[in-house]
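Okay, structure first, notes after.
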Amino acid sequence: MVVAAAVTLVVGRRYGWAELVAAACVLAVAVLVSAAMTVGRSHYAVDVDLADDAVTVGERAMGRIEVRNVGRRRLLPARIELPVGIGSASFALPSMAAGAVHEEVYAIPTTRRAVVVVGPVRSVRADPLGIARREVLWTDPVELYVHPVTVSLTGTRAGLLRDLEGQSTRSLSDDDMSFHALREYIPGDDRRSIHWRTSARTGTLMVRQFEDTRRTHTALAVSTDTEDYRHEDELELAVSTFASLGTHVIREGLEITALAGDQRLRTQTPRRLLDDCSALVATPRAADAHDLSRVVARNAPSASMAVVMTGTVPTRADLRTSSSHLPPGLRTVFVQCDPGAELSLRTQGTLSVSTLGSVEDLPRLLRQLVTG
0 MVVAAAVTLV
10 VGRRYGWAEL
20 VAAACVLAVA
30 VLVSAAMTVG
40 RSHYAVDVDL
50 ADDAVTVGER
60 AMGRIEVRNV
70 GRRRLLPARI
80 ELPVGIGSAS
90 FALPSMAAGA
100 VHEEVYAIPT
110 TRRAVVVVGP
120 VRSVRADPLG
130 IARREVLWTD
140 PVELYVHPVT
150 VSLTGTRAGL
160 LRDLEGQSTR
170 SLSDDDMSFH
180 ALREYIPGDD
190 RRSIHWRTSA
200 RTGTLMVRQF
210 EDTRRTHTAL
220 AVSTDTEDYR
230 HEDELELAVS
240 TFASLGTHVI
250 REGLEITALA
260 GDQRLRTQTP
270 RRLLDDCSAL
280 VATPRAADAH
290 DLSRVVARNA
300 PSASMAVVMT
310 GTVPTRADLR
320 TSSSHLPPGL
330 RTVFVQCDPG
340 AELSLRTQGT
350 LSVSTLGSVE
360 DLPRLLRQLV
370 TG
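By numbering that gives the first Met the number 0, the letter at position 111 of the sequence shown is numbered 110, and the numbering carries on one by one without gaps.
In structure tokens form, the structure reads like this:
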């Protein structure tokens, strides 16, 4: 604007155009007035509060902005802007006397899982013509976690091996908690395992043989490869299923490894897992359903059960091939997430492949897994 005024003035004077000279004068006055409206220091103290820094998809996040004039003079009207994710909310700030407080309450609608950056709050002074604008930042940004929708699995053991007193396996050992049978003594056997009553009756030393019991260690994995999902809703259902199972296992106090692609998520508390789930995004060429089996085998070699969430692109043959990369005998469940589909389950040996149409069907799926 300053350059335009200067050029107009020079051209008007050179060619004797009074109109251009007048226009240049008007532009110069406008620039001076605009500058005058934006100069001066603002003495604000600004606080931003979120009622809760985590909500579930579909809930409204409520917050509050409090602005206080900590200066000694009245401040001119201004505007407060609050960036929210890629958008921004604007609030009118009236003229404020010294010590005056102005408060604005806002609501953030949440329609999708995400980590939303709220702030920093900035005050804006600008002239009505938009010639000049002055911004001042007053706060640091804060994060709002929009968690995936989950279902409660309270009372459901999720088909997992129970801790310590869990289900027996078909692997035999000479020292465990689940008695299986008796066999003849072999040099080197632990004498504490000798069954003396049977030995006396048969005249041959007999020792107890046991079935291994596994300590519960659940490996959960969700594909983050866009090629595994036909559309975004499949991914969201997969993440919701993953989060529901993960938070349940954590609350049960059982050991868990949670994997999103090749990324290991935090499992110290349900909240930390949900926070990490909020930030999950699918990308091309990430760890897909086929790669996840290798990732599980590498990160959770002692797992007693693996549950892998994916979309509908991989075929059942693909999933069977993928399962070959897991440790032999590992109970494995592939959950193909297809919103709106009927619940189905096919089991062959230690491998199960299911189709899940809604996270609300998850408890029913787990009951089917338990009953076989």
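Backbone N, C-alpha and C define an ideal beta-carbon position, used for all residues, glycine too.
Which residue from Thr268, Ala296, Val295 and Gln262 puts its Cα closest to that of Val280?
One-based indexing of the sequence shown puts residue 280 at position 281. Looking only at Thr268, Ala296, Val295 and Gln262, the smallest Cα-Cα distance to Val280 is reached by Gln262.
Less than 8 Å between the CB atoms is what I'm expecting for Glu80 and Ser89, so what's the real figure, rounded?
Taking the sequence shown and counting its residues from 1, the one referred to as residue 80 is at position 81. Taking the sequence shown and counting its residues from 1, the one referred to as residue 89 is at position 90. Indeed they touch by this definition, with Cβ atoms about 5 Å apart.
May I have the straight-line CA-CA distance separating Ala382 from Glu231, to the nearest angstrom?
Outside the shown range of the chain (0 to 371) lies residue 382, about which nothing can therefore be said.
If we ignore side chains and look at the alpha-carbon of each, how far apart do Arg250 and Leu152 end up?
The residue labelled residue 250 in the question sits at position 251 within the sequence shown. The residue labelled residue 152 in the question sits at position 153 within the sequence shown. Between the alpha carbons of Arg250 and Leu152 lies a gap of roughly 10 Å.
For Val115 and Gly339, what's the separation of their Cα atoms in angstroms?
By 1-based counting over the sequence shown, the position of residue 115 is 116. By 1-based counting over the sequence shown, the position of residue 339 is 340. In a straight line, the C-alpha of Val115 is about 28 Å away from that of Gly339.
For Val379, which option in Gly348, Gly62 and Glu359 has the closest C-alpha, if you only look at C-alpha atoms?
Only positions 0 to 371 of the chain appear in this structure, which leaves residue 379 out of reach.
Using only CA atoms, which one of Arg319, Leu204 and Cys336 lies nearest to Arg330?
Mapped onto the sequence shown, residue 330 falls at position 331. Nearest to Arg330 by C-alpha distance, out of Arg319, Leu204 and Cys336, is Arg319.
Would you call the region 308 to 317 and the region 265 to 278 in contact, with 3 or more CB pairs under 8 Å?
Short answer: they don't touch.
Whole-Å CB distance - Leu360 paired with Glu233, under 8 Å assumed:
One-based indexing of the sequence shown puts residue 360 at position 361. One-based indexing of the sequence shown puts residue 233 at position 234. According to the sequence as given, residue 360 is Asp; it is not Leu. In this structure Asp360 does not touch Glu233 by the C-beta definition: roughly 15 Å separates them, more than the 8 Å allowed.
Enclosing beta strand (DSSP E) for His247 [first to last residue]:
In the sequence shown, counting from the first residue as 1, residue 247 sits at position 248. Where His247 is concerned, there is no enclosing beta strand (DSSP E), although the alpha helix (DSSP H) it sits in stretches over Glu231 to Arg250.
Is it a yes or a no for the region 136 to 150 touching the region 53 to 61, going by three-plus beta-carbon pairs under 8 Å?
Cβ pair count under 8 Å is three or more, so yes.
Got a sec? Which residues, its chain only, sit under 7 Å from Thr349 by beta carbon, not counting five neighbours each side?
For the purposes of this step, residue 349 is identified with residue 350 of the sequence shown, where counting begins at 1. Once the five neighbours on either side are set aside, the close Cβ partners of Thr349 are Gly328, Leu329, Arg330 and Thr331.
Take Val295 and list the residues in its own chain whose beta-carbon comes closer than 6 Å to its own, dropping the five residues that flank it on each side.
Your numbering for residue 295 matches position 296 in the sequence shown. Once the five neighbours on either side are set aside, the close Cβ partners of Val295 are Ala218, Ala220 and Ala305.
Sequence-distant residues of the same chain with beta carbon closer than 6 Å to Ser357, five excluded per side
As a working mapping, residue 357 is identified with position 358 in the sequence shown. Contacts found: none.
Nearest to Ile107 (by Cα), restricted to the options Ala96, Pro362 and Glu142
Looking up residue 107 in the sequence shown gives position 108. Per the Cα distances, Glu142.
Which value, in whole angstroms, describes the spacing of the CA atoms of Thr354 and Arg111?
Position 355 of the sequence shown, counting from 1, holds the residue named residue 354. Position 112 of the sequence shown, counting from 1, holds the residue named residue 111. Cα to Cα, Thr354 sits roughly 23 Å from Arg111.
Starting from His87, follow the alpha helix (DSSP H) in both directions and report where the run begins and ends.
Taking the first residue of the sequence shown as 1, we reach residue 87 at position 88. Residue identity check: residue 87 is Ser in the sequence provided, not His. Run containing Ser87: none in the alpha helix (DSSP H); it sits in the beta strand (DSSP E), Gly86 to Leu92.
Under DSSP, the alpha helix (DSSP H) around Arg315 begins and ends at which residues?
Counting from one through the sequence shown, the residue named residue 315 turns up at place 316. For Arg315, the enclosing alpha helix (DSSP H) stretches over residues Arg315 to Ser322.
Please confirm whether Val45 and Thr109 have their CB atoms less than 8 Å apart.
For the purposes of this step, residue 45 is taken as the residue at position 46 of the sequence shown. For the purposes of this step, residue 109 is taken as the residue at position 110 of the sequence shown. Going by C-beta atoms, Val45 is not nearer than 8 Å to Thr109.
Inspect the beta-carbon positions of His216 and Ser322 and report whether they are closer than 8 Å.
Locating residue 216 in the sequence shown gives position 217, counting from the first residue. Locating residue 322 in the sequence shown gives position 323, counting from the first residue. If you check the CB distance, His216 and Ser322 do not come in under 8 Å.
For Arg363, name the three-state secondary structure that DSSP assigns.
The residue you call residue 363 lines up with position 364 of the sequence shown. Correct three-state label for Arg363: helix.
Would you call the CB atoms of Arg121 and Glu102 closer than 8 Å?
Counting from 1 along the sequence shown, the entry for residue 121 is found at position 122. Counting from 1 along the sequence shown, the entry for residue 102 is found at position 103. Not in contact: Arg121 and Glu102 (Cβ atoms no closer than 8 Å).
CB of Ser222 within 8 Å of CB of Ala299, strictly
Within the sequence shown, the letter at position 223 stands for residue 222. Within the sequence shown, the letter at position 300 stands for residue 299. No, the Cβ-Cβ distance between Ser222 and Ala299 is not below 8 Å.
Among the residues of its own chain, which have a CB less than 8 Å from the CB of Leu181, if the five just before and after it don't count?
Here residue 181 refers to the residue found at position 182 when the sequence shown is read from its first residue. Once the five neighbours on either side are set aside, the close Cβ partners of Leu181 are His194, Thr197, Met205, Val206, Arg207 and Gln208.
Helix, strand or coil: which one does DSSP assign to Ala53?
Translated into the one-based positions of the sequence shown, residue 53 becomes position 54. Strand.
From the DSSP output, read off the bridge partner residues of Asn68.
By one-based count along the sequence shown, residue 68 stands at place 69. In the DSSP output, where bridge partners are listed per residue, Asn68 has Tyr43.
Quick one: what's Glu254 bridged to in DSSP?
What you label residue 254 is simply residue 255 of the sequence shown in a count that begins at 1. DSSP, once it has assigned bridges, lists His216 as partnering Glu254.
If you check the beta carbons only, do Ala97 and Arg73 fall under 8 Å apart?
Taking the sequence shown and counting its residues from 1, the one referred to as residue 97 is at position 98. Taking the sequence shown and counting its residues from 1, the one referred to as residue 73 is at position 74. Yes, Cβ-Cβ distance for Ala97 and Arg73 is below 8 Å.
Between the C-alpha atoms of Leu342 and Leu325, what's the straight-line distance to the nearest angstrom?
Numbered from its first residue, the sequence shown carries residue 342 at position 343. Numbered from its first residue, the sequence shown carries residue 325 at position 326. About 25 Å.
Going by C-alpha distance, which of Ala288, Ala99 and Ser239 is nearest Thr225?
To locate residue 225, count along the sequence shown from 1; it is residue 226. Ranking Ala288, Ala99 and Ser239 by Cα distance to Thr225 puts Ala288 first.
Straight-line gap, Phe241 to Glu65 (C-alpha atoms, nearest Å)
Here the question's residue 241 lines up with position 242 in the sequence shown. Here the question's residue 65 lines up with position 66 in the sequence shown. Cα to Cα, Phe241 sits roughly 39 Å from Glu65.
I need the straight-line Cα distance from Val238 to Ile185, nearest angstrom please.
Against the sequence shown, residue 238 aligns to sequence position 239. Against the sequence shown, residue 185 aligns to sequence position 186. Computed Cα separation, rounded: 52 Å.
Would you please state the rounded distance, in angstroms, between the beta carbons of Leu365 and Ser351? I believe it to be under 8 Å.
Start at 1 with the first residue of the sequence shown, and residue 365 comes out as number 366. Start at 1 with the first residue of the sequence shown, and residue 351 comes out as number 352. Rounded, the Cβ-Cβ distance is 11 Å, inconsistent with contact.
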